[in-house]
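J.:
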Amino acid sequence: MLLESPIAVLGLLATVGVFGYVYRDATNVEMGRPLLWATIAAAPVLVGLGLYLFASVPTTGTIMTANTGAVIYTFEREVMLEDDDPPEPGELPHQK
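So for the sequence shown, the working numbering puts the first residue at 4; every next one is plus one.
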């Protein structure tokens with residue numbers, strides 16, 4: 004019980020941090036609905052924290068749950084930032 008209180012506080016801080024970072028990043032890269040993307044990224048962190056604190060779930064399942072929102076946001080961000088133009092021979096992606 005003594006160990007769970009600091010973990011709960013750190014988990015809540017991590018959730019707020021993920022929410023703030025994703026909201027700021029989604030706003031900076033002009034993604035549609037930055038509040039929704041911040042919620043999608045932060046909610047699994049909170050669910051993972053709840054699984055860690057209140058359920059007897061294996062640690063790997065908790066980690067996979069907590070990472071889900073960040074992975075989905077990262078994939079969507081990459082797709083949104085892609086160029087629509089076909090690549091030129093001898094040119095790296097996103098290099099102009």
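Don't be surprised by glycine CBs; every beta carbon is placed ideally from N, CA and C.
Predicted model only: the values in this text are computed from it and were never measured.
Return the first residue and the last residue of the alpha helix (DSSP H) that Ser8 is part of.
T.: The residue labelled residue 8 in the question sits at position 5 within the sequence shown. Note, Ser8: alpha helix (DSSP H), Glu7 to Asn31.
J.: Can you round the beta-carbon distance between Ala11 and Leu56 to whole angstroms, since I take them to be within the 8 Å contact cut?
T.: Along the sequence shown, read from residue 1 onward, the residue named residue 11 stands at position 8. Along the sequence shown, read from residue 1 onward, the residue named residue 56 stands at position 53. Ala11 to Leu56, Cβ: 6 Å. Contact.
J.: From what residue to what residue does the alpha helix (DSSP H) around Pro47 run?
T.: Along the sequence shown, one-based indexing puts residue 47 at 44. Looking at the DSSP string, the run of the alpha helix (DSSP H) that includes Pro47 is Pro37 to Phe57.
J.: Leaving out the 5 sequence neighbours to the left and right, which residues in its chain are closer than 7 Å to Tyr76 when beta-carbon positions are compared?
T.: As a first step, residue 76 must be located in the sequence shown, where it is residue number 73. So the qualifying residues of the chain are Val25, Trp40, Ile43 and Ala44.
J.: Check whether the Cβ atoms of Pro47 and Gly20 lie closer than 8 Å to each other.
T.: Mapped onto the sequence shown, residue 47 falls at position 44. Mapped onto the sequence shown, residue 20 falls at position 17. Against a cut-off of 8 Å, the Cβ pair of Gly20 and Pro47 comes out as no contact.
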